[in-house]
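First residue of the sequence shown? That's 71 in the numbering used here, and the numbers climb one at a time after it.
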Amino acid sequence: MPYPRIEIDLEKIRHNTRIIIEMCKEFNIQVAAVTKAVCGSPEIAQIYVDEGVSMLADSRIENIRKLKYINIPKMFLRLPMISECDEVVELTDVSLNSEIKTIKILSQKAIERGKIHNIILMIDLGDLREGIFKEELVFAVVEEILLLKGIKLLGIGVNLTCFGAVIPTREKMDELIQIKEKIEEKFEIKIEILSGGNSSNIPLIQSKKMPKQINQLRIGDALITGREPAYFTLINDTYHDCFKLKAEIIEIQEKPSIPIGEIGFDAFGKKPIFVDKGIRKRAICAIGKQDINTEDLILEDQKIDILGQSSDHLILDIDNSSNMYVVGDIISFNLNYVGILRLFTSEYVKKFYL
Ligand SMILES: *Cc1c(COP(=O)(O)O)cnc(C)c1O
71 MPYPRIEIDL EKIRHNTRII IEMCKEFNIQ VAAVTKAVCG SPEIAQIYVD EGVSMLADSR
131 IENIRKLKYI NIPKMFLRLP MISECDEVVE LTDVSLNSEI KTIKILSQKA IERGKIHNII
191 LMIDLGDLRE GIFKEELVFA VVEEILLLKG IKLLGIGVNL TCFGAVIPTR EKMDELIQIK
251 EKIEEKFEIK IEILSGGNSS NIPLIQSKKM PKQINQLRIG DALITGREPA YFTLINDTYH
311 DCFKLKAEII EIQEKPSIPI GEIGFDAFGK KPIFVDKGIR KRAICAIGKQ DINTEDLILE
371 DQKIDILGQS SDHLILDIDN SSNMYVVGDI ISFNLNYVGI LRLFTSEYVK KFYL
């Protein structure tokens with residue numbers, strides 16, 4: 071069996087999806103299931119579709135291309151690069167946008183393909199990643215959008231808790247609703263979709279404070295981790311171990327805890343610091359910084375300490391463990407969101423669907 075590998079429990083992901091869709095349904099919120107952390111895995115996307123999400127969403131066009139044969143609307147999450155507008159129009163039904171220059175090119179590409187491309191105009195309510203910040207500018211951009219023959223303004227949206235860690239509150243949602251109502255009144259149009267945010271909006275649903283006008287969330291993290299990222303709390307009745315990393319031990323040796331010799335810089339140009347714990351039993355696993363960062367790993371054997379990493383090696387202190395590890399044994403880890411993302415991105419890590 072090949073290692074390192076990430077084992078994916080599809081039934082646990084199915085269960086989480088069911089719970090979160092049900093939670094959103096109570097508020098008439100449709101779920102766009104975000105596949106970017108799993109590099110657009112068609113196996114996982116199919117589970118989302120089976121359980122009734124309204125669309126699949128991803129930030130990378132390469133991932134969206136992998137989902138081409140799953141027959142459901144697709145959303146492009148990251149603001150399109152001008153250089154990829156043609157593919158965005160080809161492969162997706164709706165994209166999130168904030169730049170009129172890009173929207174005009176999307177329109178032109180849509181007309182060339184005989185299509186209408188839907189957009190959700192992103193408003194920045196203070197998280198300071200993507201979106202139009204000034205309200206007057208929102209209206210000016212809407213005015214220009216409405217003149218474009220290849221574009222339909224499907225909705226407006228916001229993204230929070232990504233750069234600025236701003237929490238989606240009732241007040242933030244109300245701000246978005248007010249902008250929607252002003253646009254509808256000013257231009258005598260109907261805005262169908264209010265896309266209120268991502269997994270960090272789940273606490274607003276749990277506390278029943280989500281306003282009824284918000285009708286879409288774009289959710290990735292919570293489906294695979296069973297956790298909401300705003301306060302980092304676990305969601306009731308969900309699994310938090312849908313993914314496991316398994317890595318193989320290639321060396322076990324007793325060694326001093328402080329290197330012997332003059333200390334310079336390590337493989338990454340840093341000066342390492344060591345604590346003297348005497349002679350310790352250490353293990354090396356065949357996985358490295360190229361695949362994962364140690365802070366994203368959670369050891370199943372809690373008596374093991376992670377000592378560090380180089381590009382292809384993970385170095386562990388196994389001296390306190392009650393397991394008698396030998397070379398060739400497998401060490402198992404749980405993962406956080408970023409850990410899942412990195413391992414999926416590494417072509418050296420095999421993906422096993424259970
Ligand atoms: C990544 C992303 C999401 C999904 O966020 P999760 O925290 O994974 O739920 C939603 N919207 C945008 C714009 C994103 O980039």
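The beta carbon of each residue, even a glycine, is placed where N, CA and C say it ideally should be.
key: Any heavy atom of ligand 1 within less than 5 Å of residue CB: hits in chain order   = Cβ atoms closer than 5 Å to ligand 1 belong to VAL104, LEU147, ASN229, ASN268, SER269, ARG288, ILE289, GLY290, ASP291.
key: GLY227 burial status per 10 Å Cβ neighbour count (16 or more: buried)   = Along the sequence shown, one-based indexing puts residue 227 at 157. Sixteen is the threshold: when 16 or more other Cβ atoms of the shown chains lie within 10 Å of the Cβ of GLY227, as they do, the residue is buried.
query = Run through DSSP, which three-state label would ARG183 get?
reply = The residue given as residue 183 occupies position 113 in the sequence shown. DSSP places ARG183 in coil when its eight states are reduced to three.
message = Helix, strand or coil for ALA353? Go by DSSP, reduced to three states.
response = One-based indexing of the sequence shown puts residue 353 at position 283. Secondary structure at ALA353: strand, using DSSP grouped into helix, strand and coil.
query = Going by the C-beta, is ASP336 closer than 6 Å to any heavy atom of ligand 3?
reply = For the structure depicted, ligand 3 is absent and the ligand set comprises only ligand 1.
Residue span of the alpha helix (DSSP H) that contains VAL208, given as start and end = Numbered from 1 along the sequence shown, position 138 holds the residue referred to as residue 208. VAL208: member of the alpha helix (DSSP H) spanning 205–215, first to last residue.
request  = Keeping to the same chain, check which residues put their C-beta closer than 7 Å to that of SER380; ignore five residues upstream and five downstream.
outcome  = Translated into the one-based positions of the sequence shown, residue 380 becomes position 310. Only ALA337, GLY358, LYS359 meet the Cβ criterion.
message = Just to check my reading of the structure: PRO74 and VAL419 have Cβ atoms closer than 8 Å, yes? What is that Cβ distance to the nearest angstrom?
response = Looking up residue 74 in the sequence shown gives position 4. Looking up residue 419 in the sequence shown gives position 349. Confirmed, about 5 Å.
query = Beta carbon of ARG352, beta carbon of ASP387: below 7 Å?
reply = Taking the sequence shown and counting its residues from 1, the one referred to as residue 352 is at position 282. Taking the sequence shown and counting its residues from 1, the one referred to as residue 387 is at position 317. Yes, Cβ-Cβ distance for ARG352 and ASP387 is below 7 Å.
query = Should the region 332–346 be called in touch with the region 301–308, which here means at least 3 C-beta pairs below 8 Å?
reply = In short, these stretches do not touch, since the Cβ pair count stays below three.
query = What are the partner residues of THR303, as DSSP defines its beta bridges?
reply = Position 233 of the sequence shown holds residue 303. Answer is GLU298.
query = Mind pulling the alpha helix (DSSP H) runs of 4 or more residues that sit fully within the region 155–179?
reply = Fully enclosed alpha helix (DSSP H) runs of no fewer than 4 residues occupy 155–161 of the region 155–179, in order along the chain.
task = Can you check DSSP and say which residues form a bridge with TYR423?
result = As a working mapping, residue 423 is identified with position 353 in the sequence shown. Residue pairing by DSSP puts TYR423 in a beta bridge opposite ILE78.
key: Between the CA atoms of HIS187 and THR162 - distance to the nearest angstrom   = Working through the sequence shown from its first residue, we reach residue 162 at position 92. Working through the sequence shown from its first residue, we reach residue 187 at position 117. C-alpha of THR162 to C-alpha of HIS187: approximately 8 Å in a straight line.
query = Mind pulling the beta strand (DSSP E) runs of 3 or more residues that sit fully within the region 250–275?
reply = 263–265, all fully within the region 250–275.
inquiry  = DSSP three-state label for LYS316, please.
reply    = The residue given as residue 316 occupies position 246 in the sequence shown. DSSP places LYS316 within a strand segment (E or B) once states are collapsed to three.
Three-state class that DSSP yields for LYS359 in the structure shown = For the purposes of this step, residue 359 is identified with residue 289 of the sequence shown, where counting begins at 1. Shown here, LYS359 sits in coil according to DSSP, grouped into three states, outside any helix or strand.
task = Look at SER270 and PRO238 and say whether their C-beta atoms are less than 7 Å apart.
result = Counting from 1 along the sequence shown, the entry for residue 270 is found at position 200. Counting from 1 along the sequence shown, the entry for residue 238 is found at position 168. A distance below 7 Å separates the beta carbons of SER270 and PRO238.
message = Tell me the rounded alpha-carbon separation between THR231 and VAL396.
response = The count along the sequence shown starts at 1 and reaches residue 231 at position 161. The count along the sequence shown starts at 1 and reaches residue 396 at position 326. The alpha-carbon atoms of THR231 and VAL396 are separated by roughly 44 Å.
ask   = What does a CB cutoff of less than 7 Å around ILE142 pick up in its chain, not counting 5 residues either side in sequence?
value = Start at 1 with the first residue of the sequence shown, and residue 142 comes out as number 72. Correct list, in chain order: VAL119, MET125, LEU126.
query = Excluding five sequence neighbours on each side, which residues of the same chain lie with their C-beta closer than 6 Å to the C-beta of ARG148?
reply = Position 78 of the sequence shown holds residue 148. Short of 6 Å from the beta carbon of ARG148, and not among the five residues preceding or following it, lie these beta carbons of its own chain, in chain order: SER129.
request  = Name the two residues that bound the continuous beta strand (DSSP E) containing VAL144.
outcome  = Along the sequence shown, read from residue 1 onward, the residue named residue 144 stands at position 74. Residue identity check: residue 144 is Lys in the sequence provided, not Val. That run of the beta strand (DSSP E) goes 144–146.
Touching by the beta-carbon criterion (3+ pairs, under 8 Å), the region 286–295 and the region 96–103 = Result yes; three or more Cβ-Cβ pairs closer than 8 Å.
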